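In the working numbering, the protein residues as written are 32 to 192. Glycine is no exception: its CB is placed at the ideal position from the N, C-alpha and C atoms. No experiment lies behind these values; they were computed from the predicted model shown. Heads up, the thing below is written out as structure tokens.
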Amino acid sequence: MSNPNAHDIKVLNGLIETTLDSADGYREAAEQTQDPHYRTLFERRSAERQQVVDDLSAAVRGLGGDPESDGSILAKAHRAFLDVKHALLRNDDSVVGSINSGEGFIAGKYEKALEDTGISATTRETIRRAYAAVKTEHEQMEALKHSLEGQRDADNPLYPQ
Numbered sequence: 032m033s034n035p036n037a038h039d040i041k042v043l044n045g046l047i048e049t050t051l052d053s054a055d056g057y058r059e060a061a062e063q064t065q066d067p068h069y070r071t072l073f074e075r076r077s078a079e080r081q082q083v084v085d086d087l088s089a090a091v092r093g094l095g096g097d098p099e100s101d102g103s104i105l106a107k108a109h110r111a112f113l114d115v116k117h118a119l120l121r122n123d124d125s126v127v128g129s130i131n132s133g134e135g136f137i138a139g140k141y142e143k144a145l146e147d148t149g150i151s152a153t154t155r156e157t158i159r160r161a162y163a164a165v166k167t168e169h170e171q172m173e174a175l176k177h178s179l180e181g182q183r184d185a186d187n188p189l190y191p192q
């Protein structure tokens, strides 16, 4: 007998996997940065993403499914690449830029899930609440990225004073 909630479970598990990737990425960024402010920010973001995962996992269990417990292999490979890139560049700009790129990706996954006409209203509301948190965090990382770019440009000796 198949679960009548199979599609909702599949969509939610896809979001769990992506959000786990994000939580892991923030945790690794916290470990890599030398700046205590960024370390605190990234640790907090990782915990916030883990809370989103917990909420989505509870929804999957409520639908009679088994929540995803691992991130994607592709994300692990991407983070390994970023480790090398960060080691070569040795600056937090590269970490923040990479995180911001990942934030855009995760936001797109949530937007696509919200557009899915095959999910139930209850699942859509669960995704909407999770997306609200993800979107706010994405906007904050975007602002940080632009702030760092502006600071870098202002520190440039060729920048007009």
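| task | Determine the burial state of MET172: buried for a count of at least 16 other Cβ atoms within 10 Å of its Cβ, exposed for fewer. | result | buried
Counting pairs of beta carbons, one from the stretch 143-156 and one from the stretch 59-72, are three or more of them closer than 8 angstroms? no
So VAL91 and ILE40 are in contact, right, with Cβ under 8 angstroms, and what is the actual spacing, rounded?
-> 5 angstroms
* Name the residue from ALA144, GLY133, GLU48 whose alpha carbon lies nearest to the alpha carbon of ASP22. => For the chain, the structure presents residues 32 to 192; residue 22 sits outside this window and is missing.
Would you decide whether THR148 is buried or exposed? Buried here means 16 or more other CB atoms lie within 10 Å of its CB.
exposed
Beta-carbon proximity list for GLU79, same chain, < 7 angstroms, skipping 5 on both sides
ALA164, GLU168
Using a threshold of 8 angstroms, state whether the C-beta atoms of ILE137 and SER77 are closer than that.
-> no
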